Amino acid sequence: MSSTSATEEKRLDHVQHHFVDSEQQFESAKMGMWVFIVTEILMFGGLFVAYIVYRSWYPELYLEASTQLNAFWGMVNTFVLIGSSLTVAMAIRSAQLNQIKGLIYNLYITIGLAFTFMVIKYFEYSEKLGKGIAPGEYYTYDGLEHEKANIFFSIYYMMTGLHGVHVTIGIGLMIWLVVKAKKNVFHSEYYTPVEITGLYWHLVDIIWIFLFPLLYLID
Amino acid sequence: MSGHHISSAKFLWGIGIALFFLTFVTVAVTWIQIPEPWNIVVAIGIAVVKALLVVLFFMNLYWDSKFNSLLFIFSLIFFGLMIGITLLDTLFRNDPTPLF
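Order-wise, the sequence lines are chains A and G. In terms of the working numbering, the first sequence has 659 at position 84, counting the first letter as 1, and numbering is strictly consecutive. In terms of the working numbering, the second sequence has 45 at position 34, counting the first letter as 1, and numbering is strictly consecutive.
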């Protein structure tokens, strides 16, 4: 038993017995993630349909109510999320090149950006809730003339809220990846969790890319 | 594993910078007040281009198995169906104003 064959052994110990080889396992995991992304698109799709239906019914409501949203902070959050997508892509590249330190650093930056996003979101929410801009029947703000102003904010809170839940889950996943990377689980032949978490994170980014102009940039 | 596409750091940064630039553009066009409905068309158009950049080059669909692209395209088709069939109802009601 030479040391190289022991390394070979370790390089392949992630392959589960029901897969032909590492490559097939990787492709299967990735395809499973894409199926999950399909269900995610359709789940958010329901909310986008609600947005479209109510916008077709009350176009003037959307024009008026979106003035309550701060386009500057929306833009900052868009930059933050795109930046985090870039660092996730860099993390995957690091893993592919066996640069585990680079992988961990890129994951740290991604986690930091995700927290930045959630902190900005927290200030946006608390500013609105402080004014009485709450969803549905809890809406008490009287600064808007439209009688259905609460509907816009119900949609706003549902869409950004579900998105925020995804960002929070993403932070948890990234922390899990850092823990695994520190245990030296990942190398250039096995980085499947990094790859599919990356796919998830890019999806979260894409949803925000649509939420930002649809909610913040109407007028 | 020879099949895995590894993007260069330069390329990934290029895509990132394109996304930052398009974000700036989508904000900037609201300053010049494009008339309805073209403001919506422009905003959605830019968002679609950004989403495509992310899907093709960050999520690697460009180099990936075509089956994964097929899954993604089907989700968009069904999303379109969901919008279309719902609007066939809600746009053509006699009394469009619901109680809620």
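Glycine residues also receive a C-beta, built at the ideal position from the N, C-alpha and C atoms. Keep in mind the model is a prediction, meaning the values are calculated, not measured.
Ordered along the chain, which non-local residues of its own chain (more than five positions away) have a Cβ less than 6 Å from that of residue i?
{"i": "A:Q643", "result": "none"}
{"i": "G:V61", "result": "Sequence inspection shows Lys at residue 61 of chain G; the Val mentioned does not correspond to that position. Closer than 6 Å at the Cβ level, and outside the excluded window around G:K61, lie L30 and L33."}
{"i": "A:S578", "result": "Bear in mind that the predicted position of A:S578 carries a pLDDT of just 49, short of 50, making it unreliable; the figure below should be weighed with that in mind. Here the set comprises nothing."}
{"i": "A:Y791", "result": "L644, A646 and G649"}
{"i": "A:S729", "result": "P710 and G711"}
{"i": "A:A724", "result": "A640"}
{"i": "G:M12", "result": "A caution first: G:M12 carries a pLDDT of 41, below 50, which makes its placement in the model unreliable, though a value can still be read off. Result list for G:M12: empty, nothing under 6 Å."}
How about residue i and residue j: do their beta carbons lie closer than 8 Å?
{"i": "A:Y766", "j": "A:A664", "result": "no"}
{"i": "A:H777", "j": "G:V65", "result": "yes"}
{"i": "A:L617", "j": "G:F89", "result": "yes"}
{"i": "A:V740", "j": "A:L752", "result": "no"}
{"i": "A:F619", "j": "A:I675", "result": "no"}
{"i": "G:A20", "j": "A:R586", "result": "no"}
{"i": "A:Y700", "j": "A:G707", "result": "no"}
{"i": "G:T37", "j": "A:P634", "result": "no"}
{"i": "A:G718", "j": "A:L688", "result": "no"}
Which word fits residue i, buried or exposed, when buried means at least 16 other C-beta atoms lie within 10 angstroms of its C-beta?
{"i": "G:L63", "result": "exposed"}
{"i": "A:Y713", "result": "exposed"}
{"i": "A:N759", "result": "exposed"}
{"i": "A:Y626", "result": "buried"}
{"i": "G:G27", "result": "buried"}
Can you find the residues in the same chain that come closer than 8 Å, C-beta to C-beta, to residue i, ignoring five residues on each side of it along the sequence?
{"i": "A:I695", "result": "W648, V651, N652 and V655"}
{"i": "A:L774", "result": "K605, M608, W609 and I612"}
{"i": "A:L622", "result": "I730, M733, M734 and L737"}
{"i": "A:V779", "result": "L656, H738, H741, V742 and G745"}
Tell me which same chain residues have a C-beta within less than 7 Å of the C-beta of residue i, skipping the five on either side of it?
{"i": "G:L72", "result": "V66, N79, S80 and F83"}
{"i": "A:I684", "result": "T662"}
{"i": "A:F601", "result": "T767"}
{"i": "A:F727", "result": "L636, Y637 and A640"}
{"i": "A:M576", "result": "Because the pLDDT of A:M576 is 43, which lies under 50, any placement of that residue in the model is unreliable, and the number read from its coordinates should be weighed accordingly. So no residue of the chain qualifies."}
On the DSSP bridge assignment, give the partners of residue i in chain order.
{"i": "A:H738", "result": "BP columns for A:H738 are empty, so no partner."}
{"i": "A:H762", "result": "A:Y765"}
Counting only Cβ pairs nearer than 8 Å, list the residues of chain A close to residue i.
{"i": "G:V66", "result": "H777 and I781"}
{"i": "G:F85", "result": "V613"}
Under 9 Å Cβ-Cβ, which residues of chain A neighbour residue i?
{"i": "G:F89", "result": "V613, I616, L617 and G620"}
Strictly below 7 Å CB to CB, what residues from chain A border residue i?
{"i": "G:L102", "result": "S631"}
{"i": "G:I94", "result": "V624 and I627"}
{"i": "G:K61", "result": "I784"}
So with CB distances below 9 Å, who are the chain G contacts of residue i?
{"i": "A:T520", "result": "Since the first and last residues shown for chain A are 576 and 794, residue 520 of chain A lies out of range."}
Taking Cβ-Cβ distances shorter than 8 Å, what residues in chain G pair up with residue i?
{"i": "A:Q671", "result": "H15 and I17"}
What in chain G is Cβ-close to residue i, meaning under 7 Å?
{"i": "A:E602", "result": "S76"}
Any heavy atom of the ligand HEM closer than 7 Å to the Cβ of residue i?
{"i": "A:G711", "result": "By its list of ligands, the structure shown contains no ligand whatsoever, and the ligand HEM lies outside what it can speak to."}
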